[in-house]
Amino acid sequence: MSDTPTPQAKKSPASLLLGLLCIALAVVSYVLWTKTRDGNVRLTDTQTQLTRAKSENAQLQKDLDAARTGAAQVEKQLSESKTATAGLQKQLDTAKANISDLENQSAGAKANAEKLGKELEAANAKCAQLAGQAGETQAALATLQKAYEEAKSAAANLQKQANDAKAQCSDLQAKLDKALSDIALLQKPRPKK
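Position in the sequence shown (from 1) plus 9 gives the number in this note's numbering.
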């Protein structure tokens with residue numbers, strides 16, 4: 010055998026260096042690939058988050074528009090409420106004025122009621138007095154009625170007595186007339202024989 014080194018022996022340090030470079034390149038490639046993959050994942054996540062943010066932003070814009078519309082409606086309702094409140098305040102003031110008038114009328118009515126109550130008491134007292142007088146008058150009327158009946162009865166008796174007396178007078182007059190006639194006949198001179 011000769012002393013010439015084999016190609017295997019020649020390649021040892023260069024192969025080692027080349028192998029180390031390949032390994033380093035492989036490690037760097039793996040690291041770069043991993044970072045690229047992570048970057049892609051992050052980019053995808055960022056894109057997803059951006060899409061989600063855009064969607065949320067669109068929803069928030071809708072909510073903001075709805076809130077603005079709601080605020081405008083609330084402002085309109087507030088304005089209407091202020092107008093209604095002013096109307097109600099006016100009605101309240103009118104009601105208070107009416108209540109004051111009614112209180113004054115009520116005070117006047119109470120005074121009139123007290124006056125009428127006193128007049129009613131006086132009228133009741135007068136009525137009781139008149140009722141007493143009416144009772145007395147009725148008793149007097151009953152007495153007068155009884156006296157009238159008695160007087161009527163007495164008048165009837167007197168009328169009967171007067172009629173009887175008249176009849177007796179007529180009889181006596183007839184007897185007197187007859188007696189006078191007889192006397193006149195007796196007083197006539199008799200013819201001489």
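Ideal Cβ placement from N, Cα and C applies to all residues, glycine included.
Fill in: Reduced DSSP secondary structure (H/G/I, E/B, other) of residue 199
coil
Fill in: Cut-off 6 Å between Cβ atoms - residues of its own chain near residue 27, not counting five sequence neighbours on either side
none
Worksheet item: From residue 59 to residue 41, what distance separates their C-alpha atoms?
Response: 25 Å
Discussion item. Could you compute how far the alpha carbon of residue 86 sits from the alpha carbon of residue 106?
Written reply: 29 Å
Worksheet item: What number of angstroms, rounded off, separates the C-alpha of residue 75 from the C-alpha of residue 52?
Response: 33 Å
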